[in-house]
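Engineer: There's a structure below that I have some questions on.
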Amino acid sequence: MVHSRHHRHARRHGVFQRGTPWADGPSMVTQCPICPGHRYTYRFNITGQEGTLWWHAHSSFLRATVYGALIIRPRSGNSYPFPAPAEEKTVLLGEWWNAETVAANASVADAYTINGRPGDSYSCETAAKRIEKFEVRGNSTYLLRIINAALNTAFFFRVAGHTFTVVAADASYTTRYETDVIVVAPGQTVDALMAADASPGRYYMAISSYQSAVPLRPGSYNSNITTAVVEYIGAASGGKQQQALPEMPEQNDTATANRFYTSLTALVRPGRRTVPLAVDTRMFVTVGLGFSSCDQASCPVVASMNNQSFKLPDPEAMSMLDARYRNTPGGVYTRDFPDQPPVAFDYTNETNRLLLGGVAAALLFPGEASTKVRTLAYNATVEMVLQNTALVGRESHPMHLHGFNFFVLAQGFGNYDDGGTAGERQFNLVNPQERNTIAVPTGGWAVIRFVADNPGMWFMHCHIDAHLTIGLAMVFEVEDGPSTKLPAPPPDLPQC
Numbered sequence: 001m002v003h004s005r006h007h008r009h010a011r012r013h014g015v016f017q018r019g020t021p022w023a024d025g026p027s028m029v030t031q032c033p034i035c036p037g038h039r040y041t042y043r044f045n046i047t048g049q050e051g052t053l054w055w056h057a058h059s060s061f062l063r064a065t066v067y068g069a070l071i072i073r074p075r076s077g078n079s080y081p082f083p084a085p086a087e088e089k090t091v092l093l094g095e096w097w098n099a100e101t102v103a104a105n106a107s108v109a110d111a112y113t114i115n116g117r118p119g120d121s122y123s124c125e126t127a128a129k130r131i132e133k134f135e136v137r138g139n140s141t142y143l144l145r146i147i148n149a150a151l152n153t154a155f156f157f158r159v160a161g162h163t164f165t166v167v168a169a170d171a172s173y174t175t176r177y178e179t180d181v182i183v184v185a186p187g188q189t190v191d192a193l194m195a196a197d198a199s200p201g202r203y204y205m206a207i208s209s210y211q212s213a214v215p216l217r218p219g220s221y222n223s224n225i226t227t228a229v230v231e232y233i234g235a236a237s238g239g240k241q242q243q244a245l246p247e248m249p250e251q252n253d254t255a256t257a258n259r260f261y262t263s264l265t266a267l268v269r270p271g272r273r274t275v276p277l278a279v280d281t282r283m284f285v286t287v288g289l290g291f292s293s294c295d296q297a298s299c300p301v302v303a304s305m306n307n308q309s310f311k312l313p314d315p316e317a318m319s320m321l322d323a324r325y326r327n328t329p330g331g332v333y334t335r336d337f338p339d340q341p342p343v344a345f346d347y348t349n350e351t352n353r354l355l356l357g358g359v360a361a362a363l364l365f366p367g368e369a370s371t372k373v374r375t376l377a378y379n380a381t382v383e384m385v386l387q388n389t390a391l392v393g394r395e396s397h398p399m400h401l402h403g404f405n406f407f408v409l410a411q412g413f414g415n416y417d418d419g420g421t422a423g424e425r426q427f428n429l430v431n432p433q434e435r436n437t438i439a440v441p442t443g444g445w446a447v448i449r450f451v452a453d454n455p456g457m458w459f460m461h462c463h464i465d466a467h468l469t470i471g472l473a474m475v476f477e478v479e480d481g482p483s484t485k486l487p488a489p490p491p492d493l494p495q496c
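This is the structure in structure tokens:
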């Protein structure tokens, strides 16, 4: 149960909301805004879930500072599928703007933060106030729950002199993966064990941005390294000796990011869901940036999926979920989101954007934004190829799906080629990682699969807010099943 007020919408990121779709949170998708001076209590279901999730605002750019951890621990009597840690540490990664957050879309973050603090490379406050400290005891193991709550930035994460064992991602357990660097895209979470087995002292924890955009434009990002301190309890001299920064990857080190993302696999254990093999609905969806049609020399950038740039319904109307419940979608949304792009072309060839008369022009200028959904039959197995495009540069897009986890069957660079049954040989159908947010590789693709067994209206969008606000989103409308149906709205649900 969560109480929210003051025109905010509290989204429980990664919670399936089975039986409680009205509590999902995104403004005008599942509810109308909470009016200023009013409050609303969210009641939601977390049955069958455990791990590191989080909550955040889902309206305008309030998410810049309105977020927090949501930890679901195993039921009493159950244990983690890895050695019990001595302690758990939550590590919230974020961004900070000195200006009002409503202007965040138009500017580079002034700082990155660890648990709300920018570290000692900034001079905004006294050192004691601006740097987060994590105390550890020697020869103990700690579970780090790492959450990327940033609006627009993926991060590399390291601790000097220490390594990690990744045990979960997006609240789904993984096989143990040993690494000295963790990569986490906006919206993603990673659980990692860290052994405090170094010489007692003080060690920097550090994050730096992973910039996937090609070309990488100077001044388009914050190149600072943000720090926290891991301090051993009882270290000589109070652990005050000078600590060294860990060596961070280059900010455009896509090879390191891809190695981390593709090395994770699911932990196979009793009761775990298995990959459905028969597919009912296949979709090939382009994701990327383009330009709005205009008469000016320089047109505004827009984003689209399959040439459809998304816009939310009129806030004076009703939410999409309310329209679905009343069976009155007219004037709110249409059921014609396409399964394919309007044309096929060399999606990741950057020269296409120069050929305005070629087939790429149909995707370079998506046209007027609309509110289109893809209707799915209850219990249908859906396979989506998410194909990144390079019409306006190349960039990784962290695509997040509400209401479900999905299996990541494969990912790679270039244009996806299914190659018929031969193409499916590259799919991991045994122990693919489960995610709710997939970082579609820059200049590449990812294939995901999920079962639509949760009636409702479920947002799918890029978790880079600068892209979401210009249309990189769509909605799945999942129909009722024989006995599983969309429940009536709560009597106190905010009205438009």
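The UniProt record's numbering numbers the first residue of the sequence shown as 1 and each following residue consecutively.
Every residue gets a Cβ at the ideal spot worked out from N, C-alpha and C, and that includes glycine.
Within the continuous alpha helix (DSSP H) that includes N327, where are the two ends?
Structural biologist: Counting along the chain, N327 falls outside any alpha helix (DSSP H), and DSSP gives it neither H nor E.
Engineer: Rounding to the nearest angstrom, what Cα-Cα distance links E434 and D170 in this structure?
Structural biologist: Computed Cα separation, rounded: 8 Å.
Engineer: What do you get for S76, buried or exposed, if any count of 16 or more other CB atoms within 10 angstroms of its CB means buried?
Structural biologist: Classification for S76: exposed.
Engineer: With 16 as the cutoff for other CB atoms within 10 Å, does E368 come out buried or exposed?
Structural biologist: Exposed is the call here.
Engineer: Along the alpha helix (DSSP H) that carries R202, what are the first and last residues, could you check?
Structural biologist: No alpha helix (DSSP H) contains R202, which is instead part of the beta strand (DSSP E) from 202-210.
Engineer: Can you list, in chain order, the residues of its chain with a C-beta nearer than 6 Å to that of F134? Leave out the 5 residues immediately preceding and following it.
Structural biologist: Closer than 6 Å at the Cβ level, and outside the excluded window around F134, lie K89, V230.
Engineer: Could you tell me if C462 is buried or exposed, where buried requires 16 or more neighbouring beta carbons within 10 angstroms of its beta carbon?
Structural biologist: The residue is buried, with at least 16 neighbouring Cβ atoms inside 10 Å.
Engineer: Under a three-way DSSP split, which group does A422 fall into?
Structural biologist: With a pLDDT of 48 at A422, under the threshold of 50, the predicted position of this residue should be treated as unreliable, and no value is reported.
Engineer: Select from V385, F365, R269 the residue whose C-alpha is nearest the C-alpha of L409.
Structural biologist: Among V385, F365, R269, the Cα nearest to that of L409 is on V385.
Engineer: Just verifying my parser: in three-state terms, what is the DSSP assignment at H467?
Structural biologist: H467: helix per DSSP, three-state reduction.
Engineer: Short check: CB of S212 to CB of A154, under 8 Å?
Structural biologist: Yes. Within cutoff.
Engineer: Which stretch, first to last residue, makes up the beta strand (DSSP E) that contains A255?
Structural biologist: No beta strand (DSSP E) holds A255; the alpha helix (DSSP H) holding it covers 254-263.
Engineer: Measuring only the C-alpha atoms, how far is D110 from Q188?
Structural biologist: Going from the Cα of D110 to the Cα of Q188 covers about 22 Å.
Engineer: Going straight from the alpha carbon of V440 to that of A235, what length do you get?
Structural biologist: Cα to Cα, the separation comes out at about 43 Å.
Engineer: Go ahead and pull the three-state DSSP assignment for M318.
Structural biologist: Reduced to three states, the DSSP call for M318 is coil.
Engineer: Assign P74 to one of two classes, buried (16 or more other C-beta atoms within 10 Å of its C-beta) or exposed (fewer than that).
Structural biologist: Counting Cβ neighbours within 10 Å, P74 comes out exposed, since fewer than 16 surround it.
Engineer: Would A377 be called buried (16 or more neighbouring beta carbons within 10 Å of its own) or exposed?
Structural biologist: Flag for A377 reads exposed.
Engineer: Could you spell out the range, first to last residue, of the beta strand (DSSP E) harbouring P246?
Structural biologist: No beta strand (DSSP E) contains P246, which DSSP labels as neither H nor E.
Engineer: Give the DSSP-derived three-state secondary structure of E350 in the structure shown.
Structural biologist: Helix, per DSSP.
Engineer: Which of helix, strand or coil does DSSP assign to R435?
Structural biologist: Strand at R435.
Engineer: Excluding the 5 residues preceding and the 5 following P455 in the sequence, name in chain order all residues of the same chain whose CB lies nearer than 8 Å to its CB.
Structural biologist: The residues are P21, Y378, V478, E479, D480, G481, T484, K485, L486.
Engineer: For T52, write down the residues that DSSP places opposite it in a beta bridge.
Structural biologist: Paired residues: I71.
Engineer: What does the Cβ neighbour count give for H397, buried or exposed, with the cut at 16 atoms within 10 Å?
Structural biologist: H397 is buried by the Cβ-count criterion.
Engineer: Thinking C-alpha only, which one of R326, T286, R374 is nearest P366?
Structural biologist: Looking at the Cα atoms, T286 is the closest of the given residues.
Engineer: So, do the stretch 213-229 and the stretch 246-256 have three or more beta carbon pairs nearer to each other than 8 Å?
Structural biologist: Flag = yes, the stretch 213-229 and the stretch 246-256 touch.
Engineer: Got a sec, what are the start and stop residues for the beta strand (DSSP E) R158 sits in?
Structural biologist: Where R158 is concerned, the enclosing beta strand (DSSP E) stretches over 154-159.
Engineer: Tell me whether H38 is buried or exposed, calling it buried when 16 or more other Cβ atoms sit within 10 Å of its Cβ.
Structural biologist: Classification for H38: exposed.
Engineer: Closest to A244 by C-alpha separation, out of Y232, T227, E250, would be which residue?
Structural biologist: Here the closest residue by C-alpha is T227.
Engineer: What is the residue span of the beta strand (DSSP E) that residue 512 lies within?
Structural biologist: Missing from the structure shown is residue 512; the chain here goes from 1 to 496 and no further.
Engineer: Once the 5 residues before and after R5 are set aside, which same chain residues still bring their CB inside 7 Å of it?
Structural biologist: Note on R5: pLDDT 48, under 50, position unreliable in the model; the coordinate value appears next. Closer than 7 Å at Cβ, skipping near neighbours: I34, H38, R39.
Engineer: Between the beta-carbon of F156 and the beta-carbon of M283, is there less than 8 Å?
Structural biologist: No, the pair does not count as a contact, with Cβ atoms beyond the cut-off.
Engineer: Can you tell me which of P186, Y112, P85 puts its alpha carbon nearest to the alpha carbon of H56?
Structural biologist: Residue P186 is the option with its Cα nearest to H56.
Engineer: Identify, in the order they occur along the chain, each residue of the same chain with its Cβ nearer than 6 Å to the Cβ of residue 508, setting aside the five sequence neighbours on each side.
Structural biologist: Nothing about residue 508 can be read from this structure; the chain reaches only from 1 to 496.
Engineer: What is the rounded straight-line gap between the Cα of G290 and the Cα of P315?
Structural biologist: Rounded to the nearest angstrom, the two C-alpha atoms are 26 Å apart.
Engineer: Round the Cβ separation of R449 and F406 to the nearest angstrom and send it over; I've been treating them as touching at under 8 Å.
Structural biologist: Rounded, the Cβ-Cβ distance is 6 Å, consistent with contact.
Engineer: Leaving out the 5 sequence neighbours to the left and right, which residues in its chain are closer than 6 Å to P329 when beta-carbon positions are compared?
Structural biologist: Around P329: A323.
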